[in-house]
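First the structure, in the form of structure tokens, and then the observations on it.
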Amino acid sequence: MKRTKIADILQHSKVNENILVMGWVRTKRISKNVCFITLNDGSCMANLQIVIDITPEIDELLSHVHSGAALKIFGVTVESLGQGQAVELQAKEITLLGEANPEEYPLQPKKHSLEFLREIAHLRFRTNTFGAIFRIRHTMTYAIHKFFNDKGFYNIHTPIITASDCEGAGEMFRVTTLDLYNLPKTEDGKIDFTQDFFGRETNLTVSGQLEAELAALALSQVYTFGPTFRAENSNTARHLAEFWMIEPEMAFYDINDDMDLAEEMLKYLVKYALDNCREDLEFLHKRREEEQKQKPQNERDEMGLIPRLEFVLYNNFERITYTQAIEILMNSKPNKNKQFVYPVDKWGTDLQSEHERYLVEKHFKKPVIITDYPKEIKAFYMKLNDDGKTVRAMDVLFPQIGEIIGGSQREENYDKLIGRMKEVGIHQKDMWWYLETRKFGSVPHSGFGLGFERLMLFITGMSNIRDVIPFPRTPKNAEF
Ligand code: 4AD
Ligand code: MG
Numbered sequence: 117m118k119r120t121k122i123a124d125i126l127q128h129s130k131v132n133e134n135i136l137v138m139g140w141v142r143t144k145r146i147s148k149n150v151c152f153i154t155l156n157d158g159s160c161m162a163n164l165q166i167v168i169d170i171t172p173e174i175d176e177l178l179s180h181v182h183s184g185a186a187l188k189i190f191g192v193t194v195e196s197l198g199q200g201q202a203v204e205l206q207a208k209e210i211t212l213l214g215e216a217n218p219e220e221y222p223l224q225p226k227k228h229s230l231e232f233l234r235e236i237a238h239l240r241f242r243t244n245t246f247g248a249i250f251r252i253r254h255t256m257t258y259a260i261h262k263f264f265n266d267k268g269f270y271n272i273h274t275p276i277i278t279a280s281d282c283e284g285a286g287e288m289f290r291v292t293t294l295d296l297y298n299l300p301k302t303e304d305g306k307i308d309f310t311q312d313f314f315g316r317e318t319n320l321t322v323s324g325q326l327e328a329e330l331a332a333l334a335l336s337q338v339y340t341f342g343p344t345f346r347a348e349n350s351n352t353a354r355h356l357a358e359f360w361m362i363e364p365e366m367a368f369y370d371i372n373d374d375m376d377l378a379e380e381m382l383k384y385l386v387k388y389a390l391d392n393c394r395e396d397l398e399f400l401h402k403r404r405e406e407e408q409k410q411k412p413q414n415e416r417d418e419m420g421l422i423p424r425l426e427f428v429l430y431n432n433f434e435r436i437t438y439t440q441a442i443e444i445l446m447n448s449k450p451n452k453n454k455q456f457v458y459p460v461d462k463w464g465t466d467l468q469s470e471h472e473r474y475l476v477e478k479h480f481k482k483p484v485i486i487t488d489y490p491k492e493i494k495a496f497y498m499k500l501n502d503d504g505k506t507v508r509a510m511d512v513l514f515p516q517i518g519e520i521i522g523g524s525q526r527e528e529n530y531d532k533l534i535g536r537m538k539e540v541g542i543h544q545k546d547m548w549w550y551l552e553t554r555k556f557g558s559v560p561h562s563g564f565g566l567g568f569e570r571l572m573l574f575i576t577g578m579s580n581i582r583d584v585i586p587f588p589r590t591p592k593n594a595e596f
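117 is the number of the first residue of the sequence shown in the working numbering; add one for each residue after it.
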């Protein structure tokens with residue numbers, strides 16, 4: 117007999133069906149001659165209630181069954197008396213697939229802190245919270261591919277090992293097979309990378325954009341969805357050393373088309389979650405409500421998780437330039453009262469997340485897209501505006517998160533691109549292949565990068581990015 121998933125049983129089963137289930141015990145309770153077990157198999161948030169009439173031999177077996185144990189149960193569905201569920205399972209045959217010693221099993225049927233659960237990330241999938249998060253993460257992955265596929269975009273797999281630094285920030289993890297204890301040297305005493313595996317210096321990619329651009333200049337509309345690595349030493353609740361990024365790249369798009377696509381995509385994904393992850397979102401909504409109650413009044417967010425998702429869906433994003441943003445920030449109360457850690461005192465300063473969150477949460481009270489940043493604080497590939505000072509960048513800022521998307525129209529002019537590369541010190545000879553696309557059939561094009569875990573933070577209402585990726589990689593942390 118084939119196993120039926122609990123989600124299917126709870127949705128479709130009628131009484132009097134013979135069914136085989138397998139899953140993990142959440143709770144066990146004995147009342148007189150009956151044992152009640154709640155079983156979860158990850159297919160949905162809800163547990164299936166198992167009812168077992170206790171006989172002497174079953175009693176022996178049940179003495180080995182505790183929270184966390186794995187069971188295989190054959191039984192018949194009966195009408196459920198409690199809990200608002202249609203059916204429960206009257207057990208006829210029980211097999212103990214795997215024991216979980218209660219003296220050692222760290223998950224108990226009570227609330228554990230997220231910090232503690234991070235230390236047992238191998239088991240945290242078995243909690244309601246992380247079950248919900250990772251089911252949603254899957255659904256969002258699917259929705260992203262569906263969004264682009266329905267629009268005729270092609271998914272491009274860009275390399276994970278590269279020799280270029282797309283963002284130019286130098287925050288890269290080196291990839292090498294050289295013997296670190298015995299490095300080959302050149303005559304002038306430097307490391308001889310010609311002897312390395314690829315015959316040159318290589319690193320893990322910080323972005324698939326440059327390669328996606330090459331593909332877009334032939335296939336018109338493409339996107340990448342892959343792992344991305346940044347060796348920045350930021351121990352914040354919004355940074356990972358290994359994260360997943362979605363990078364669409366479109367030929368014939370200017371920055372306005374780019375912003376329209378970003379806004380459409382974010383709204384599509386929010387709606388997809390609301391339509392397809394209701395049970396899990398409702399659980400996380402309640403969870404966040406409880407969490408907010410523990411905070412002092414002035415630190416609580418005014419909106420609950422589901423209203424916030426709906427709010428983003430039904431409101432247009434505010435679009436302003438960097439210059440306007442700086443004016444608002446310079447004249448803002450927290451700036452005048454010296455409440456920002458980084459005061460805003462002149463045009464040209466980079467925006468910190470405290471500034472981004474002020475604009476979104478306090479000033480506009482909705483998502484904001486900032487465009488036309490000073491060229492000095494943005495990457496070399498962004499299209500220079502006619503003022504010669506700003507570039508056609510666009511950052512999408514979200515409540516609670518700050519920057520969720522970074523993108524731009526790209527510099528398609530060969531000479532201007534070379535000019536920017538010289539200014540920031542990128543060698544032309546290393547980027548010959550990128551430059552050639554500006555020599556042969558160059559066209560206006562644009563793209564952006566959505567941080568998948570930042571999206572997940574927003575959708576789930578979790579506050580730490582370490583809790584929306586199964587096994588977070590952060591400074592000094594690569595366990596599991
Ligand atoms: O703004 P970023 O650095 O832009 C790029 O990498 C461009 N090449 C994208 C493009 O135009 N194709 O990164 C894009 C997004 C950010 O807005 C943020 O959401 C996320 O990636 N991100 C991170 N997420 C988690 N941890 C980190 N360390 C992140 N760094 C960036
Ligand atoms: Mg950025």
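Glycine included, each C-beta is placed from N, C-alpha and C at the ideal position.
From a predicted model like this one, the values you see are computed outputs, not experimental measurements.
Between Gln-165 and Ser-196 a beta carbon distance of about 7 Å is seen, short of the 8 Å cut, so the two are scored as contacting.
Taken through DSSP and simplified to helix, strand or coil, Gln-337 comes out as strand. The segment 290 to 297 and the segment 241 to 257 do not touch, with fewer than three beta-carbon pairs separated by less than 8 Å. Relative to the ligand MG, the beta carbon of Gly-522 is positioned inside 7 Å of a heavy atom. Scanning the segment 197 to 284 from its first residue to its last, the whole alpha helix (DSSP H) runs of 4-plus residues come out as 230 to 235, 244 to 266. Not a single heavy atom of the ligand MG lies less than 7 Å from the C-beta of Glu-405. The three-state secondary structure of Ala-162, taken from DSSP, is coil. Relative to the ligand 4AD, even the nearest heavy atom lies 7 Å or more away from the CB of Met-381. Between Met-572 and Phe-556, the alpha-carbon positions lie close to 39 Å from each other. Rounded to the nearest whole angstrom, the C-alpha separation of Arg-403 and Pro-412 is 17 Å. Residue environment for Val-540: exposed (fewer than 16 other C-beta atoms within 10 angstroms of its C-beta). By the Cβ neighbour-count rule, Trp-140 is buried, with 16 or more other Cβ atoms within 10 Å of its own. In this structure the segment 478 to 495 lies against the segment 505 to 522, because at least three pairs of beta carbons, one per stretch, are closer than 8 Å. Pairing Arg-424 with Lys-387, the inter-Cα distance amounts to about 12 Å.
Shown here, Arg-570 sits in a helix according to DSSP, grouped into three states. For Asn-134, the enclosing beta strand (DSSP E) stretches over residues 134 to 147. Look at Lys-409 here: in three-state DSSP terms it is helix. Secondary structure remark: continuous beta strand (DSSP E) runs of at least 3 residues inside the segment 300 to 338, in chain order: 318 to 320. One alpha carbon belongs to Pro-591, the other to Ala-347, and they sit about 8 Å apart. Partner residues in the beta bridge of Glu-434, as assigned by DSSP, are Val-484.
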